[in-house]
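A.B. asks:
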Amino acid sequence: MISDRWKAFRSLAEIAVAGIGCVLIVAAAVLNQAWFDRHFLPSYWTPREEIVRTELLVRLSVVVAGGVIVLLGRKVARLLTREPLYLFTISLAVILAFGTSELVLRQRRGPHEFSSGSEPRSHIDPRLGWLFDVSRTGSITHLGRRIAYTFDRNGYRVASSADTTDFNAPTIVFTGESMMVGHQLAWSETIAAQTSAMLGLQSANIAVSGFATDQSYLRLAAELPRFRHPVAVVSLFAPSIFDRNLDDDRPHLDPGLVWSPPVRQWRLMALVRRFLGYRSEESVERGEAVTREVLTATVRLARSRGAVPLIVVPQFEPEERQERELRQRIIEDAHLPYVYVPLDPDDRIEADGHPDADGARTIAEAITDALRPELAGGVAHPRLP
Numbered sequence: 423m424i425s426d427r428w429k430a431f432r433s434l435a436e437i438a439v440a441g442i443g444c445v446l447i448v449a450a451a452v453l454n455q456a457w458f459d460r461h462f463l464p465s466y467w468t469p470r471e472e473i474v475r476t477e478l479l480v481r482l483s484v485v486v487a488g489g490v491i492v493l494l495g496r497k498v499a500r501l502l503t504r505e506p507l508y509l510f511t512i513s514l515a516v517i518l519a520f521g522t523s524e525l526v527l528r529q530r531r532g533p534h535e536f537s538s539g540s541e542p543r544s545h546i547d548p549r550l551g552w553l554f555d556v557s558r559t560g561s562i563t564h565l566g567r568r569i570a571y572t573f574d575r576n577g578y579r580v581a582s583s584a585d586t587t588d589f590n591a592p593t594i595v596f597t598g599e600s601m602m603v604g605h606q607l608a609w610s611e612t613i614a615a616q617t618s619a620m621l622g623l624q625s626a627n628i629a630v631s632g633f634a635t636d637q638s639y640l641r642l643a644a645e646l647p648r649f650r651h652p653v654a655v656v657s658l659f660a661p662s663i664f665d666r667n668l669d670d671d672r673p674h675l676d677p678g679l680v681w682s683p684p685v686r687q688w689r690l691m692a693l694v695r696r697f698l699g700y701r702s703e704e705s706v707e708r709g710e711a712v713t714r715e716v717l718t719a720t721v722r723l724a725r726s727r728g729a730v731p732l733i734v735v736p737q738f739e740p741e742e743r744q745e746r747e748l749r750q751r752i753i754e755d756a757h758l759p760y761v762y763v764p765l766d767p768d769d770r771i772e773a774d775g776h777p778d779a780d781g782a783r784t785i786a787e788a789i790t791d792a793l794r795p796e797l798a799g800g801v802a803h804p805r806l807p
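Going by this note's numbering, the first residue of the sequence shown is number 423, and it counts up by one from there.
1) If you follow the alpha helix (DSSP H) that residue 737 is in, where does it begin and where does it stop?
2) Would you kindly check if the distance between the Cβ of residue 795 and the Cβ of residue 662 is under 8 Å?
3) Any contact of the region 559 to 572 with the region 635 to 647, i.e. 3+ C-beta pairs under 8 Å?
4) What does residue 681 pair with, by DSSP beta-bridge criteria?
5) Using CA coordinates, which residue listed in 763, 681, 466 is at the minimum distance from residue 792?
6) Between which two residues does the beta strand (DSSP E) harbouring residue 624 extend?
7) How should residue 590 be labelled, buried or exposed, when 16 other C-beta atoms within 10 angstroms of its C-beta is the threshold for buried?
8) Alpha carbon to alpha carbon, how far is residue 772 from residue 659? Give it in angstroms, no decimals.
9) Alpha carbon to alpha carbon, how far is residue 674 from residue 524? Give it in angstroms, no decimals.
10) According to the neighbour-count rule (16 or more other Cβ atoms, all chains shown, within 10 Å of its Cβ), is residue 627 buried or exposed?
11) Residue ranges of each beta strand (DSSP E) run of no fewer than 3 residues wholly in the region 538 to 594, ordered along the chain?
12) For my contact list, residue 761 and residue 654 are in at a C-beta cut-off of 8 Å; report their separation, rounded to the angstrom.
13) Taking the alpha carbon of residue 752 as the reference point, which residue from 715, 603, 723 has its own alpha carbon closest?
14) Which of helix, strand or coil does DSSP assign to residue 639?
15) For residue 700, is the classification buried or exposed, using 16 other Cβ atoms within 10 angstroms of its Cβ as the cut-off for buried?
16) Is it a yes or a no for the region 632 to 643 touching the region 595 to 612, going by three-plus beta-carbon pairs under 8 Å?
17) Alpha carbons only, please: which of 707, 471, 680 is nearest the one belonging to residue 665?
18) Taking Cβ to Cβ, would you say residue 584 is nearer than 8 Å to residue 603?
19) Going by CA-CA distance only, name the one from 742, 594, 632 that's closest to residue 619.
20) Should residue 765 and residue 744 be called a contact, given that it needs their Cβ atoms to be closer than 8 Å?
21) According to DSSP, simplified to helix, strand and coil, what is residue 655?
22) With C-beta atoms as the reference, is residue 540 less than 8 Å away from residue 555?
23) Would you say the beta carbon of residue 668 is closer than 7 Å to some non-hydrogen atom of the ligand HEM?
24) Taking Cβ positions, are residue 479 and residue 621 nearer each other than 8 Å?
25) Here's a check: name, in chain order, each residue in its chain whose Cβ is nearer than 7 Å to the Cβ of residue 727, leaving out the five neighbours to either side.
26) Would you tell me roughly how many angstroms separate the C-alpha atoms of residue 778 and residue 607, rounded to the nearest one?
27) Taking DSSP as the reference, what is the three-state secondary structure of residue 770?
28) Report yes if the C-beta distance between residue 474 and residue 450 is below 8 Å; otherwise report no.
29) Using only the alpha-carbon positions, how far apart do residue 672 and residue 549 sit?
30) Which word fits residue 786, buried or exposed, when buried means at least 16 other C-beta atoms lie within 10 angstroms of its C-beta?
31) If you check the beta carbons only, do residue 783 and residue 616 fall under 8 Å apart?
32) For residue 580, count neighbouring Cβ atoms within 10 angstroms of its own Cβ and tell me buried if that reaches 16, exposed if not.
33) Measuring alpha carbon to alpha carbon, tell me which of 735, 456, 459, 781 ends up nearest residue 759.
34) On the DSSP letters alone, give me the boundaries of the alpha helix (DSSP H) that residue 795 sits inside.
35) In terms of residues, what are the limits of the beta strand (DSSP E) holding residue 763?
36) In chain order, what residues of the same chain have a beta carbon less than 8 Å from the beta carbon of residue 790, not counting five sequence neighbours either side?
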């Protein structure tokens, strides 16, 4: 009787192990490119060709793994049933490894985009997540080129420590993330500085590296009232970095522009999810809706102060289908004023990826062309692509 039960248990174990292999093979067949496109958003750093190639390799690897499990399933099942202690020790090792990793990660800072040790330095802010350190100049060297970052007492990037922002002067306010900050660019090469020179108006660069669209809006809402004569508000939206708008492990805005604190979650799971890049369809749709709401509020806020609103959409060519659809659903469907700026793929900073001085100049020229008629009292509106 005991022998029969043991044989039945071993048979069930063999079927279970083989079933796992079959599930992997079926999953690789069902999760095709269309599925990946729905759940993995465009990447600013990785070309689509490389993403598609990686996804194909993943599917092939899953098929191979499934086949190996099916072929070796009988031996694995017999080993586990013959030496049940293996199953216990393996499970215990996995649990202990997970727990230890979680404890180690909790001793470190969260996956936020602030840095207290590298330039430009920043600090934690309870409402926005992080902000640049104020009244300081720091520098880095990239490929033999020294770049200085100077921030005034307001945390705005400026040309030098001697410069101050005149809140009574007509000003173009620039908000956004590292592209707008001018990552790896000298002050004179930044989008804000070049636009300011072309239009002959003061610029205020309130952008903060790593910010998502909702953080940029919160920053603008806090800073714009300080300016007595804001003539234009230039914000930035890039479909290739839309993914960060879905993060909730930082202060963020929920539907209805309701501010919410970071969502508490397992650090290890957050790290794995960030590494894999998987997003549910519900999460993507919710992110699109909130981003559209935030950008609409940005435009409304600028107009309430008598400033011309403009959303700049820089895009290294070619624009992929996913990127185009995000731009259309979030900006065009809401009829928001924006300028699409195609960039030469060669206008990236080497070993970095951000727009170089030429790329920043292309963006500044597009902003200038869109704003000049408005600021001159003309009837033209920021052009659509």
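Don't be surprised by glycine CBs; every beta carbon is placed ideally from N, CA and C. All values reported here derive from a predicted model rather than from experimental measurement.
C.D. replies: Inspection of the coordinates gives the following:
1) Per DSSP, residue 737 belongs to no alpha helix (DSSP H); it is in the beta strand (DSSP E), 730 to 738.
2) no
3) no
4) According to the DSSP secondary-structure assignment, residue 681 is paired through a beta bridge with 675.
5) 763
6) 624 to 627
7) exposed
8) 23 Å
9) Only weak support exists for where residue 524 lies, its pLDDT of 48 falling under 50; the value from the coordinates is given anyway. If you draw a straight line from the Cα of residue 524 to the Cα of residue 674, it is about 24 Å long.
10) buried
11) 544 to 547, 551 to 554, 558 to 564, 567 to 573
12) 12 Å between Cβ atoms; not a contact.
13) 715
14) helix
15) exposed
16) yes
17) Answer by Cα proximity: 707.
18) no
19) Measuring from the Cα of residue 619, the nearest candidate turns out to be 594.
20) no
21) strand
22) no
23) No copy of the ligand HEM appears in this structure; indeed no ligand is present at all.
24) no
25) 646, 652.
26) 7 Å
27) Of the three classes helix, strand and coil, the one that applies to residue 770 here is strand, per DSSP.
28) no
29) 9 Å
30) buried
31) yes
32) Buried.
33) 735
34) 779 to 797
35) Residues 760 to 765.
36) Once the five neighbours on either side are set aside, the close Cβ partners of residue 790 are 617, 620, 621.
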